[in-house]
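Protein chains in written order, with the working numbering: chain D, 1 to 376; chain A, 1001 to 1376; chain F, 2001 to 2376; chain H, 3001 to 3087; chain B, 4001 to 4087; chain G, 5001 to 5087. C-beta: ideal position from N, C-alpha, C; glycine also. Computed from a prediction, not measured in an experiment: that's the story for all the values here. Down below is the structure, laid out as structure tokens.
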Amino acid sequence: MEALHTLWLSTGLANFEAGQVVMMLVGCGLLYLAIARNFEPLLLLPMGFGAILTNIPVAGFSEVGGLLHYIYYAGIDTGIFPLIIFMGVGAMTDFGALIANPKMLFLGAAAQFGIFATLFGAIALNAVPGIEFTLKDASAIAIIGGADGPTAIFLASKLAPELLGAIAVAAYSYMALVPIIQPPIMRALTSVDERKIEMAQLRHVTKIEKIIFPLGVLLMTIFFLPSATPLVGMFCLGNLMRESGVVDRLSTTAQNELINITTIFLGLGVGSKLSSHAFLNVETLGILGLGAVAFSIGTASGVLMAKFMNKVSKDPINPLIGAAGVSAVPMAARVANKVGLEANPHNFLLMHAMGPNVAGVLGSAVAAGILLALVG
Amino acid sequence: MEALHTLWLSTGLANFEAGQVVMMLVGCGLLYLAIARNFEPLLLLPMGFGAILTNIPVAGFSEVGGLLHYIYYAGIDTGIFPLIIFMGVGAMTDFGALIANPKMLFLGAAAQFGIFATLFGAIALNAVPGIEFTLKDASAIAIIGGADGPTAIFLASKLAPELLGAIAVAAYSYMALVPIIQPPIMRALTSVDERKIEMAQLRHVTKIEKIIFPLGVLLMTIFFLPSATPLVGMFCLGNLMRESGVVDRLSTTAQNELINITTIFLGLGVGSKLSSHAFLNVETLGILGLGAVAFSIGTASGVLMAKFMNKVSKDPINPLIGAAGVSAVPMAARVANKVGLEANPHNFLLMHAMGPNVAGVLGSAVAAGILLALVG
Amino acid sequence: MEALHTLWLSTGLANFEAGQVVMMLVGCGLLYLAIARNFEPLLLLPMGFGAILTNIPVAGFSEVGGLLHYIYYAGIDTGIFPLIIFMGVGAMTDFGALIANPKMLFLGAAAQFGIFATLFGAIALNAVPGIEFTLKDASAIAIIGGADGPTAIFLASKLAPELLGAIAVAAYSYMALVPIIQPPIMRALTSVDERKIEMAQLRHVTKIEKIIFPLGVLLMTIFFLPSATPLVGMFCLGNLMRESGVVDRLSTTAQNELINITTIFLGLGVGSKLSSHAFLNVETLGILGLGAVAFSIGTASGVLMAKFMNKVSKDPINPLIGAAGVSAVPMAARVANKVGLEANPHNFLLMHAMGPNVAGVLGSAVAAGILLALVG
Amino acid sequence: MEHLNELFIEAGTLMLAGMVFVFAFLGLLVIFINAVLAKLAIRYPDAKPQTKSPRAAKASTNSAGSVSPSVVAAISSAVSQYRSKHN
Amino acid sequence: MEHLNELFIEAGTLMLAGMVFVFAFLGLLVIFINAVLAKLAIRYPDAKPQTKSPRAAKASTNSAGSVSPSVVAAISSAVSQYRSKHN
Amino acid sequence: MEHLNELFIEAGTLMLAGMVFVFAFLGLLVIFINAVLAKLAIRYPDAKPQTKSPRAAKASTNSAGSVSPSVVAAISSAVSQYRSKHN
Ligand code: NA
Ligand code: NA
Ligand code: NA
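And the structure:
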């Protein structure tokens, strides 16, 4: 009898708190988005699962000695997991389209206005009672506008670890929502004629250019923004492994097994920050709202910049590809392609949109570095 | 000359203790079982090798700064390695046969009597002079009857780390011996007619069932047995990755590279607990004996439960598949199939035996959770 | 304005020290060797990159909290990474050619004279003002002559961590230079007639021999040189996994994903020791010079030993294969084959040279063990 | 002995409580499968099976990445045909 | 409110400095590509392209390791030819 | 100089002891191979070799998983044959 009573006292049912139940539902919601809606499942599935695990009463997943505790402190608090992911992403990225048409970097730059405008917005939200964002918090939230998961997690783990869960949820959810968020903005800001613009074919990019490019990017980052070198450096290492052609087995591993293993644990570890006291408050609502704003502003500023460049450039530039500057590789580029096809069924913008798309990755890593340097 | 003398003093020959020699022979025995007899080689090979390494005089593999010391404390003491293995096993497990015929869960439940009867037996062994098992020790030993390696290692690392080596040796050895231990018990408890029973074909199981099943199992574990959630949770995560179909690259990695890497280090780390003072005592004999008892009782209770269910159920149930309830996936199911074929050459029980087989995995994880909750 | 000033103060340009610039150029040089000259790219590429990263001002890659700091202390200071690499190399090594012709072990032994002669030379360099090598330093430097990367890194991390960067650079550079360093020495020490010698075909080696061999090597190391058991043990574990045939999935993982992942981080971690104060001094020049001497002496003593054995043995031995005794698998064996083909276009020495080649790996692991035992 | 008796009682209680719990837990799971999953299966049946014809699927490489013997035979035959035509 | 105003000013400065810096940085990268890479491309053109004919390349397995449908069809046709000859 | 001389003596001793030991160790290994392994090889010869015919093996994909050029050629030829028949 006593044993059964002990057993009862050790059950979840006898120990649940309301917040834990709600957070488990949030975790289930993330699983639903991942599995049924295919929203960035590679991260949202382990993250949703981690959210469930961390909120189990008694089990202590995120307390000292718990699995998620080890994962979080070994991999996320140190920044190691997002950096390994970034290395893998670098090894998967082909900068050919960007090197062929370097002006596209300005589109990647313009789209970062989403980040800095959101920073301003986050500070403005302090006027709402119950919300109190410091500059560090605001910076970590604003990076959602960078539409780059590992960058957001890396920056949030440095500047505002207690907001990490909400920021990661927002970042990945909006990245998955890119095909829904972007098209109306793109259509609103462009005329049908602009959307029909066909672009000149890209020139051939040589092997040596692709090898020197990541080194040049790293060098410039070292010179002007050392605080961005962890992100940019690991990204460039992955890209150099890819393009050098001499370490294919390392490049393949970085793109596959290593990034897969890290993704599982990164997701679990981020999920472990989805505890009720960190998530169930009005600040999370603010973060989710600001994330949507950030994406929208980033998209709009990319498109407007492309419109402007189309005016001043001798080669025609379809303004739609400006939207790809938010990164969210390769989804945003595909969206640009799709919206372009609607206006002109013979207009394949995908390759042209890859330029601003990868420029956006660089742009948001640079923006993260600036925020680290100035408020970190 | 002095250098040669220093060299001599640093040799193994000048520093051997008898116990170390014996334990190295034990390690060689494990290698023999793994390589020549194909006894669970994936774990016994690295484990036997670890046993040899840890007993090398002077080398200090398991002392501070030694390789096995790091492996043990980072991966086994924390519970991380068995949990990663369990995630991989989950990603390899198809619950289809169990969902199609859920009554099979009772067979998986019945077979756990091997665990609890052995717990009783381990306490009884305290009557033997020289043996002194606490309830924690007894629980860690009894879990051998669960016929599930990672579960046994996880529980032993929490309840009785000093017995971990002997428990792991017993668990994996008996799992390899399933084709020898089980058939006589199965034949003794069943008539030829019972062994000839053919079972109805299993219904088709849909994708959505397979996706919801791991979540349901996790939910119930959260409600009723949070102490089992590390094991069950990681298992269900693996299974969800498999069945969701949206994260195939993660599922593949969990089933292959990640589980392989972890298996190598888990084996080495478990082997590092095979030191003479922890293994060469009468308690180890008790553990080995109890392990055999546990497997036998588990097999018998599974078979008897199946006989009983065959009597009360409208669909015929071949009692042989009850033996598969001890888990030891997929060996026990194959044994049931083989013994069934002896009695009826047209009777393929394999798919039917997979139900109790995977039920046994859940059953022993639940039993481990109970033991953790009540004596941990 | 203030923000821009803060940003400027945080740039690399405002914080560079001359030494860091030079070390980045060294890193670029390593990348050049790796990519353009294909010098051991698997290690030199991540190592060169690590050298660049560790010298970035402000970024703090190798300070507490920095990525390279974690990598170095978790993987290299503990010795774990080189040991994992060695396990993978063991899983890639086929000892068939050596078992078929065991005398080749004497060639592997003779080539280790390169190590011990260099140790003497390193002590002699103390006569040069500004150089002060302890016996530990000298031993760590001398192991370069072993022509085995992981062995050199393992020993240097134990005996002279502050010299690790220079030693690893020298070891891998000279290993890549084997096709340039060895042929002139080989030609100078042999007559054309000797180089034309054809060798008897190797006997068939059975599976059981290949399985027992790594265990025999381990046993002898345990008896006579326990300090070498970390290296030899992990090597033999890898080889046993390969040859046993029962754990192919572990062997495959050890040879591929696991060694690839470890190689990336090992390279980065070693590169992190290439800081200006550790590298930019006259001692590094001494190390680079001594490395060249070590390789040359090792090559010469291997060839001379082979000449001697050819005189006393009844089976003819082509002296060229003695040069393969320095290890540098499989490059040195290929060099022996190539130089042999110049003298006799029908003389394929590759398989014969694999014997001394893998013997050299064992020889230098044994030499490392001796140095650890006597000066460690 | 005193102490041993106590342990026996504890072990017996554990045995009883444990088996009761295991059966209750897995029994609930049976109910869950019958009550929830079976209904889900009816409400959300699988989409129609993949369209790949069995013949094409059989001829393609299998999941482990190795090539089936008949494909190897076919390829080697194709190779020899090709060579006899082109050499 | 005082405090909030200060934060606003800081945020505004950050926004300005940040955007200036991002444009400057990526602008420099444009110059780097135009000035350095484009010249490198001219001076070190790629070695002549790989000799694999585009047709053969198209027919071979694609990068993900899966086999394209036409290859599967070809193989299955070859298999059936082979079988009809050898059985 | 005093100190250096001492070091030299130590280094010389190390050199001597080291080379003696290396030769002794690897020499013992020679004996081990000749005495133990060679006998094992006679007592436990390998089971009969695998049955795969050399031609089939040659035609199959190589170990790195890539497909040999002749196979690619054969497949592309098969593809064009297939197409000319089916289109
Ligand atoms: Na971005
Ligand atoms: Na079980
Ligand atoms: Na060597």
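Within chain F, partners of residue i - CB distance below 9 Å
i                : result
N5005 of chain G : The contacting residues do not exist; N5005 of chain G stays about 10 Å from chain F at best.
L1341 of chain A : Within chain F, no residue comes near L1341 of chain A; the closest Cβ sits about 26 Å away, beyond 9 Å.
Anticipated Cβ contact below 8 Å, residue i with residue j, distance rounded
i                : j                : result
S272 of chain D  : M23 of chain D   : That belief does not hold up - the Cβ atoms of S272 of chain D and M23 of chain D are roughly 11 Å apart, past 8 Å.
L1159 of chain A : A1142 of chain A : Incorrect: roughly 10 Å between the Cβ atoms, too far for contact.
G2233 of chain F : G2075 of chain F : With a Cβ gap of about 18 Å, G2233 of chain F and G2075 of chain F do not count as contacting.
L320 of chain D  : L349 of chain D  : 6 Å
L1374 of chain A : L53 of chain D   : Their Cβ separation, rounded to whole angstroms, is 22 Å, which puts L1374 of chain A and L53 of chain D out of contact at 8 Å.
M2202 of chain F : A2323 of chain F : Reading off the sequence, residue 2202 of chain F comes out as Leu, not Met. About 19 Å; that fails the 8 Å criterion.
F2049 of chain F : L2067 of chain F : Actually they are not in contact, since the Cβ atoms of F2049 of chain F and L2067 of chain F sit about 12 Å apart, beyond 8 Å.
Interface partners of residue i on chain D, CB under 9 Å
i                : result
A4041 of chain B : I99, R203, H204, V205, T206, I208, E209
T2006 of chain F : A373, L374
Within chain D, partners of residue i - CB distance below 8 Å
i                : result
Y2070 of chain F : T78, I80
M1354 of chain A : By Cβ distance, chain D contributes nothing, its closest Cβ being about 24 Å from M1354 of chain A, past 8 Å.
L1105 of chain A : Those within 8 Å of L1105 of chain A in chain D number zero; the least Cβ separation is about 20 Å.
Distance CB(residue i)-CB(residue j) smaller than 9 Å
i                : j                : result
N1126 of chain A : L3007 of chain H : yes
D148 of chain D  : A171 of chain D  : yes
L3029 of chain H : V1217 of chain A : yes
L975 of chain A  : A1110 of chain A : The first residue shown for chain A is 1001 and the last is 1376, placing residue 975 of chain A beyond what the model contains.
M2220 of chain F : F5032 of chain G : yes
A359 of chain D  : L119 of chain D  : no
G2298 of chain F : G2146 of chain F : yes
F2061 of chain F : T229 of chain D  : yes
L105 of chain D  : G4018 of chain B : no
N357 of chain D  : V329 of chain D  : yes
F4021 of chain B : L225 of chain D  : yes
R1249 of chain A : A1091 of chain A : no
A1122 of chain A : G1286 of chain A : yes
S227 of chain D  : V2058 of chain F : yes
Residue i: contacting residues in chain A (beta-carbon distance under 7 Å)
i                : result
R2249 of chain F : N1260
Residue-chain proximity (residue i, chain I), Cβ-Cβ < 9 Å
i               : result
N126 of chain D : The structure shown contains no chain I; its protein chains are D, A, F, H, B and G.
Under 8 Å from the C-beta of residue i: neighbouring residues of chain A
i                : result
V2282 of chain F : Going along chain A, no residue has its Cβ under 8 Å from V2282 of chain F, so there is no contact; the nearest lies around 30 Å.
L304 of chain D  : By Cβ distance, chain A contributes nothing, its closest Cβ being about 35 Å from L304 of chain D, past 8 Å.
Neighbour list for residue i in chain H, Cβ cutoff strictly below 7 Å
i                : result
A1109 of chain A : V3022, F3023, L3026
Partner residues on chain B for residue i, Cβ-Cβ distance less than 8 Å
i               : result
A367 of chain D : G4018, V4022
Proximal chain G residues relative to residue i, where beta-carbon distance stays under 7 Å
i                : result
K2273 of chain F : Under the 7 Å cutoff, chain G gives no residues; its nearest Cβ is about 25 Å from K2273 of chain F.
Interface residues of chain F facing residue i [CB-CB closer than 8 Å]
i                : result
T1011 of chain A : F2223, F2224, L2225, P2226
Where residue i meets chain H, residues with beta-carbon distance less than 8 Å
i                : result
F1086 of chain A : By Cβ distance, chain H contributes nothing, its closest Cβ being about 18 Å from F1086 of chain A, past 8 Å.
Under 9 Å from the C-beta of residue i: neighbouring residues of chain H
i                : result
M1220 of chain A : F3025, L3028, L3029, F3032
L1362 of chain A : F3025, L3026, L3029
Worksheet item: What residues in the region 1255-1266 of chain A have a beta carbon less than 9 Å from any beta carbon of chain D?
Response: N1256, E1257, L1258, I1261
Worksheet item: Got a sec: which bits of the region 227-238 of chain D sit with their beta carbon under 7 Å from any beta carbon on chain F, in order along the chain?
Response: S227, T229, P230, G233, L237
Practice prompt. With 8 Å as the C-beta to C-beta threshold (strictly closer), list the residues of the region 149-181 of chain D near chain B in chain order.
Written response: none
Practice prompt. Using a Cβ-Cβ cut-off of less than 8 Å, give me the residues of the region 2041-2060 of chain F that come near chain D, in sequence order.
Written response: P2041, L2042, L2045, P2046, F2049, I2052, L2053, I2056, P2057, V2058, A2059
Fill in: Short-range partners of chain F found in the region 111-138 of chain D, where Cβ spacing is below 8 Å
none
Practice prompt. Pull out every residue of the region 2024-2041 of chain F whose Cβ sits closer than 8 Å to any Cβ of chain D, in chain order.
Written response: M2024, C2028, L2031, A2034, I2035, N2038, P2041
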